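Okay, so the sequence shown: first residue is 432 according to my numbering, each after it adds one. Heads up, the beta-carbon is just placed ideally off N, CA and C, and yes, glycines get one too. Just so it is clear, the structure is predicted and the values come from calculations on it, not from any experiment. Below: the structure, in structure tokens.
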Amino acid sequence: MIDAHLSENKITGIGRYLNGLLTALVEQDGVNDYHILIRNDLADHHPLRVLQSPNVSKIGVDLRGVHPVNQILLNRLIGRIRPDVYHHPHFDMPLFRGKGSVVTIHDLKYIRHPYFFPEFSRAKRFYMKAIMKRAVLGAQCVIAASMNTKNDLIDIFKVSQDKIDVVYHGLEKMFVVKGTRGEHASIREKYGIRDKFILFVGERRPHKNLVTLMNAFNAVKNNLHGTLKLVIIGKRYANYVAPEERARQLNLKGSVIFLDSVSDDELGEFYENAELLVLPSHYEGFGFPLIEAMSRGIPVLAGNNTSMPEVVGEAGLLVDSHSSADIAGKILNILKNEHASRDLVRKGLENIKRFTWEKAAKNTLKVYHNIHG
């Protein structure tokens, strides 16, 4: 049984994980039976609604997000079906699960850096840490999205390293290069972007380090004396407005474009038309935009911390996320050095071969087989 109720109509990071993994699992495994929990309100065209196979049955549930009530409801459902393996894709795995249970932990940013989430009450922080600790210690096996996440689990919760398997996420087929870079330009017409631009993709959360990126972009723009733009794709988080405020203070109106959301097709076009992707975060559990950008043939620049060095490898430039000067200098290095830029693109296209949902499904199946014999 795989709990996919966190996959919603609007695709999130966990949604991408569930959709990619389940599709690949069903394609590879025609022997085992899969009971998949999905939300009753999923649209007819949703990937999990469309997923069909003789060995797949779907169970509709009316669950929402992370909530203590889910613990009771899921336990009742698991008790009724009695699966050989139960896989929960998030830190809030139901109580009383032990033998045959697998939990995926994507990151520990809420635990490792709670000051990045000031809107969380003390009670909520306590609940999240307690429920994650119980999940990783109580599950028979833990899947970590990166080696960095594995190390965090060992460091914070003292989980045995033999209990944790690192299974990297995969790249969705839609992000594979479709043609000549910059060939699709409908987003330029729609959003009125005539100039060259650099790109950031991700929610505008404190740990994404957008204020430092604003400072770096301002320095780059002044150095080039041109009309370079910065496009930021990702919705604003809660009441956090520091990025917008910093852009106003630096008089970057018109040079920084904030877009709360775009379609997946448009996101692909933004990647293709950008000069480079910048992800200067203080913490990333994996960093989907890094491999998405590489697949569309643009250089990437990422923070030299957490999971990003292991995902980027030698295929991107790493920066000190605390230094706007370092970020600005390496952006200029890419923009002014065409040979270096092409070399990063070549390495990026090679690097993404490490991240496929087929590989993720194969390694996840090994986990299932190991715990069930």
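query = Going by other Cβ atoms of all chains shown within 10 Å of its Cβ, with 16 needed for buried, is residue 457 buried or exposed?
reply = buried
message = Quick test of the definition: if touching needs 3 or more C-beta pairs under 8 Å, does the stretch 682-695 touch the stretch 590-600?
response = no
task = Kindly list the residues whose CB is nearer than 7 Å to the CB of residue 482, restricted to its own chain and excluding five residues on each side of it in sequence; keep chain order.
result = 453, 454, 457
message = Please identify the residue among 677, 531, 735 whose C-alpha is closest to the C-alpha of residue 579.
response = 735
key: Own chain partners of residue 505 with C-beta closer than 6 Å, once the 5 adjacent residues on each side are dropped   = 525
task = Counting only the same chain and skipping the five closest in sequence on each side, list residues whose C-beta sits under 6 Å from that of residue 434.
result = 468, 519
key: residue 610, DSSP secondary structure in three states   = With a pLDDT of 48 at residue 610, under the threshold of 50, the predicted position of this residue should be treated as unreliable, though the coordinate-derived value follows. Residue state, collapsed to three classes: coil.
query = Would you call residue 768 buried or exposed, if buried means 16 or more other Cβ atoms sit within 10 Å of its Cβ?
reply = exposed
query = Taking 8 Å as the CB-CB limit, is residue 577 close to chain D?
reply = Of the protein chains in this structure there is only one, and it is not chain D.
Simplified DSSP assignment, three categories, for residue 635 = strand
Nearest-angstrom beta carbon gap, residue 704 and residue 619 [assumed within contact, 8 Å] = 7 Å
ask   = Any chance the stretch 723-730 sits against the stretch 645-665, with 3 or more Cβ pairs inside 8 Å?
value = no
inquiry  = Could you pull the DSSP bridge partners for residue 469 from this structure?
reply    = 491
Residue 566 versus 621, 740, 595, residue with shortest Cα-Cα distance = 595
ask   = What separation, rounded to the nearest whole angstrom, lies between the Cα atoms of residue 760 and residue 675?
value = 23 Å
key: Residue range of the alpha helix (DSSP H) that includes residue 569   = 553-569
key: Beta-carbon proximity list for residue 508, same chain, < 8 Å, skipping 5 on both sides   = 468, 490, 492
message = Can you look up residue 460 in the DSSP assignment and give me helix, strand or coil?
response = coil
task = Using DSSP bridges, identify the partner residues of residue 690.
result = 664
Cβ pair residue 747, residue 721 closer than 8 Å = yes
key: Beta bridge counterpart(s) of residue 586 as assigned by DSSP   = Residue 586 is not bridged to any residue.
message = Can you tell me where the alpha helix (DSSP H) holding residue 734 begins and where it ends?
response = Counting along the chain, residue 734 falls outside any alpha helix (DSSP H), though it belongs to the beta strand (DSSP E) covering 731-734.
query = When the distance is taken between beta carbons, is residue 712 closer than 8 Å to residue 643?
reply = no
message = Does residue 486 pass the burial test, meaning 16 or more other C-beta atoms within 10 Å, or should it be called exposed?
response = exposed
Alpha carbon of residue 610 to alpha carbon of residue 670, nearest angstrom = The pLDDT assigned to residue 610 is 48, lower than 50, so where the model puts this residue is not dependable, and the model offers no usable value.
request  = Give the DSSP-derived three-state secondary structure of residue 535 in the structure shown.
outcome  = strand
Neighbourhood of residue 461 by C-beta distance below 7 Å, restricted to the same chain and skipping five residues each side = 486
inquiry  = Quick check on residue 846: buried or exposed, where buried means 16 or more other Cβ atoms within 10 Å of its Cβ?
reply    = The requested residue 846 is not part of the displayed model; the chain covers only 432 to 804.
task = Counting only the same chain and skipping the five closest in sequence on each side, list residues whose C-beta sits under 7 Å from that of residue 782.
result = 725, 744, 746
ask   = When DSSP labels each residue in this structure, what does residue 474 get in the three-state scheme?
value = coil
For residue 628: DSSP bridge partner residues = 660
task = Tell me whether the beta-carbon of residue 803 lies closer than 8 Å to the beta-carbon of residue 515.
result = yes
ask   = Quick one: what's got a C-beta closer than 6 Å to residue 677's C-beta in the same chain, skipping five residues either side?
value = 642, 645
key: Segment contact flag, the stretch 770-780 with the stretch 654-668, C-beta cutoff 8 Å, min 3 pairs   = no
ask   = Along the chain, where does the alpha helix (DSSP H) that runs through residue 644 open and close?
value = 641-655
task = Could you say which of 655, 576, 531, 766 lies nearest to residue 538 if we only look at CA atoms?
result = 576
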